[in-house]
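Engineer: Chains as they are written, first to last, in the numbering used here: chain A, 1 to 516; chain B, 1 to 462. This is the structure I have questions about; it appears just below.
Structure representation (structure tokens):
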């Protein structure tokens, strides 16, 4: 009872910190000065912009919304004028809205960065841990899915829908209106200074929250899957890769004046890998840049096929990947919301392989364009990049990928959109030692495996006919095997012979050999 | 496939024959699916008053516990039936006219058949306790039982579950998932000890208590008391103890559901009497699943078997018999599984609760008291007779083969690494199992694992 109170207190603290965090966006004032403008712009642009922005310099706005509106108005007016006069070289292509808004923010938030970081992010984390750590304390280790289907949060109730809408909103702001969330980025400035030596962008903020979400909800996984070594190890792995490879190492690289680089991100998930600015970055960064480039290419042509041959795509999707890391931790409470119907599988196959084709074609054009010295396609690839970035990189992977957790499950992106998952899946389906073995005739068709499959695989369909599960989409999270009440499923790497049996025979009946 | 006889002597074999199955459980549905594969012209109808669609009966508990919804426990999507031309009738059968070959239904028009398959399932036992018809007293078998359990436990300060078997422990687990205090009355001296050997029964008993279930061993129900409004207010045990409660789960076994067939021409005893082909005494009428009683049980089998797997095998075999070639029912080595709260249980072959020479036993228990392994074997021939595994997973195919081939207990134990089905990275249990065996029998068995080619060249099949 005592512990229950403590847990409720933890939840209360978390929610209070979250509320304060959101209120921060509406606090303080926004006032751009000449000095601030000079800080965020290049010297030549400063000279141009100072007179243009004269009307708003020194003016105090009470919201980032009002400030950025005016900023964009005057900034845009200048560019429009140049474009109308066809003075293309005088157009300022850099977008200063975020940087200017951030610099303009003053007052309560800007003056109390560290204190507010502690009161929101740190306190929220502490509250969440206080709620999570005592979980299942007096219970023997085992599957903890009681009341999942009665939960408003986990079962598309009002709370789930509100949470989904909130997450979608956050992603829309992050991708398209970062100037509205400058106050949040101010909070993590001290951390960013410490790691990379520079101020925090919206992406640093995102990385911080993302990593924290994986770590805190990873701890929840440890509690939930206590006694299950596969789940515990796998969760430790995604926590490690997110914290080091995706968060700390890239920032430290920036500190060392090298390009921000995530060594475990692989094309085509890392769809900008062959873009000219990335390639130039690699080539201009000495031996470490060369290492990034060669390592990245080796991962694509050797790492993916070899590792997937030996271990299935799980080596990446549920052990290493950042998207997978979030899905497997923060997304775990929503895994059962994935659609198991045959229809959904049809949509999935067309969609995910469609994105793969899109990514491959776009990259090939980019490379051809690069080598032809931008003669052949000119700026046309840029348009393609913009569309891919908008549709796939932002809208699909971000807004839908995470925002839809409480609505369509935690692997919407991985299942329907990730081109790397599609590539890994093709290897897994056609040339791999990985399968989920069905244990003879022990299946009772209960449906726990299918229900809790985040990839929407109807695992039971195979298990109840004594057939091994070999599916391109399986990320090898192992939850089907964990929730099976009769010990029917086992993730295994083994000989390719007998891996796929089209017409299985159910063990146990000697009267007839049943062709399921 | 031996002792086959011509199908024409066995049942009506006309094209487009009307095959009607009463019951959409695992036996009836398996039979219908397999029939459809082998006879594309037959008109196949499945009648059930319980639910429109087939669901997994063993999964009903998970709906109550909130692990799944009803839709999740349906093994096939709803379009499956029409696509496979399996005609579903959602109604109760009220009368069977074996002369006219016609069924009366509660709501809908009568249905005529050429071949009738009875897959009627079971019903919960009630042993005439005073108060057993009170509101809040029920068994758990059907979907309707689940609905009434939901309604009956809405405001429940304490529940009593009577009967130490699989359904009893399920009901206790279900109630605990809603934080309802449970008193669990088990007549035997240990949980399910008419099936489990003492050590296993004790292991489960400990685990039940670990889940804060008030387990009362050697306790029998005497009567159920009325609160004055027709609802249960308490139970009284044979020892005279009164336990106040608002819900009583009766889980004292199930019996074939054959009330429909009492006083008809169909021969019944405890269940519907069938021969080794599942034929009843009436031509073109067959019976499968829980409702069946074998006239001559297969070797080492009981006359009535009410298990998911046997129901499925009945369905498979009868479909083969009706559509292809009649063969006698010949189940392979016995297997079963269950989950007692968090502890999984698998059994292969014959492990009765007690045994005598020349049967020998080897028992190993993990120091944590939640995992154990037992092998029974013939002390003279050394052949394996059966195994029980708790808290560990073992391969069905491995033991199916070992039991059929008369593999010795020593060979089986040496191959435990191959038989192991636990998830990757789990602690290996076989070294300490083997060590215990070596100590007990003075052997020096070593684990053997099939060598498997592994390495970079295996990609190219080298």
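The C-beta atom is built at its ideal place from N, Cα and C for all residues, glycine as well. Computed from a predicted model, the values in this text were never measured in an experiment.
Residue 400 of chain B touches chain A at which residues, Cβ-Cβ below 9 Å?
Structural biologist: 440, 441, 507 and 508
Engineer: Run through chain A and tell me which residues come within less than 7 Å of residue 342 of chain B, C-beta to C-beta.
Structural biologist: 140, 141 and 142
Engineer: Whether or not the segment 114-123 of chain A and the segment 55-68 of chain A are in contact is what I'm after, with contact meaning three or more pairs of Cβ atoms, one per stretch, closer than 8 Å; do they touch?
Structural biologist: no
Engineer: Taking only beta carbons into account, state which residues of the segment 287-308 of chain A come closer than 9 Å to chain B, listed in chain order.
Structural biologist: 305 and 306
Engineer: Select from the segment 116-138 of chain B all residues with a C-beta closer than 8 Å to any C-beta belonging to chain A, and list them in chain order.
Structural biologist: Flagged: no residues at all.
Engineer: Apply the 10 Å Cβ neighbour rule to residue 93 of chain A and answer buried if 16 or more other Cβ atoms are within range, or exposed otherwise.
Structural biologist: Exposed is the call here.
Engineer: Cβ closer than 7 Å: which chain A residues qualify as neighbours of residue 424 of chain B?
Structural biologist: 230 and 491
Engineer: Three-state secondary structure (DSSP) at residue 276 of chain A?
Structural biologist: helix
Engineer: What residues in its chain sit with their C-beta under 7 Å from that of residue 141 of chain B, if we drop five residues either side in the sequence?
Structural biologist: 122, 123, 124 and 254
Engineer: Taking the alpha-carbon of residue 158 of chain B as reference, which of B:323, B:226, B:59 and B:175 has the nearest alpha-carbon?
Structural biologist: B:175
Engineer: Locate the beta strand (DSSP E) running through residue 484 of chain A, then write down its first and last residues.
Structural biologist: Here residue 484 of chain A belongs to no beta strand (DSSP E), and DSSP marks it neither H nor E.
Engineer: From the DSSP output, which residues share a beta bridge with residue 250 of chain B?
Structural biologist: B:162
Engineer: Just verifying my parser: in three-state terms, what is the DSSP assignment at residue 153 of chain B?
Structural biologist: coil
Engineer: Is the distance from the Cβ of residue 329 of chain A to the Cβ of residue 408 of chain A below 7 Å?
Structural biologist: no
Engineer: For residue 310 of chain A, which residues in the same chain have their Cβ closer than 7 Å to its Cβ, ignoring the five residues on either side in sequence?
Structural biologist: 433 and 493
Engineer: With three or more C-beta pairs closer than 8 Å as the rule, is the segment 88-104 of chain A touching the segment 180-187 of chain A?
Structural biologist: yes
Engineer: At which residue ranges does the segment 60-112 of chain B contain complete alpha helix (DSSP H) runs of 4 or more residues, listed in the order of the chain?
Structural biologist: Complete alpha helix (DSSP H) runs here, min 4: 60-65 and 79-83.
Engineer: Can you give me, in chain order, the residues of the segment 57-79 of chain B that have a beta carbon less than 7 Å from any beta carbon in chain A?
Structural biologist: 58, 59, 62, 65, 66, 67, 68, 69, 72, 73, 75 and 77
Engineer: To the nearest angstrom, how far is it from the Cα of residue 13 of chain A to the Cα of residue 26 of chain A?
Structural biologist: Between residue 13 of chain A and residue 26 of chain A, the C-alpha separation is close to 21 Å.
Engineer: What is the rounded straight-line gap between the Cα of residue 421 of chain B and the Cα of residue 458 of chain A?
Structural biologist: 21 Å
Engineer: Kindly indicate which three-state DSSP category residue 378 of chain B falls into: helix, strand or coil?
Structural biologist: strand
Engineer: For the beta strand (DSSP E) holding residue 362 of chain B, just list the boundary residues, first then last.
Structural biologist: 359-365
Engineer: Sort A:153, A:46, A:89 and A:234 by Cα distance to residue 325 of chain A and report the nearest one.
Structural biologist: Nearest C-alpha to residue 325 of chain A: A:234.
Engineer: In three-state terms, what does DSSP make of residue 346 of chain A?
Structural biologist: Residue 346 of chain A: helix per DSSP, three-state reduction.
Engineer: Considering just the uninterrupted stretch of the beta strand (DSSP E) at residue 345 of chain B, what are its terminal residues?
Structural biologist: 343-349
Engineer: Touching or not, the segment 378-396 of chain B and the segment 222-229 of chain B, by the rule of three or more beta carbon pairs under 8 Å?
Structural biologist: no
Engineer: For residue 239 of chain B and residue 191 of chain B, what's the separation of their Cα atoms in angstroms?
Structural biologist: 19 Å
Engineer: Where are the alpha helix (DSSP H) runs, 4 residues long or more, that stay fully inside the segment 181-240 of chain A, in chain order?
Structural biologist: 182-187, 189-196 and 202-224
Engineer: Please list, in chain order, the residues of the segment 415-446 of chain A that have any C-beta partner in chain B closer than 7 Å.
Structural biologist: 439, 440, 441, 442, 444, 445 and 446
Engineer: Can you say whether residue 277 of chain A is buried or exposed, counting buried as having 16 or more other CB atoms within 10 angstroms of its CB?
Structural biologist: exposed
Engineer: Which residues of chain B have a Cβ atom closer than 7 Å to the Cβ of residue 464 of chain A, listed in chain order?
Structural biologist: 75
Engineer: Determine the contact status of residue 472 of chain A and residue 429 of chain A, defining contact as a CB-CB distance below 7 Å.
Structural biologist: yes
Engineer: The ligand HEM heavy atoms versus the CB of residue 443 of chain A: any closer than 6 Å?
Structural biologist: For the ligand HEM, the structure offers nothing, since it holds no ligand at all.
Engineer: Give the secondary structure of residue 1 of chain B by DSSP, where H, G and I count as helix, E and B as strand, and everything else as coil.
Structural biologist: Caution is warranted here: a pLDDT of 41 is assigned to residue 1 of chain B, below 50, making its placement in the model unreliable, and the coordinate value is therefore given only provisionally. Three-state DSSP puts residue 1 of chain B in coil, outside helix and strand.
Engineer: Got a sec, what are the start and stop residues for the beta strand (DSSP E) residue 465 of chain B sits in?
Structural biologist: Residue 465 of chain B falls outside the range modelled here, since chain B spans only 1 to 462, and no answer is possible.
Engineer: Quick one, which of B:81, B:215, B:369 and B:342 has its alpha-carbon nearest residue 52 of chain B's?
Structural biologist: B:81
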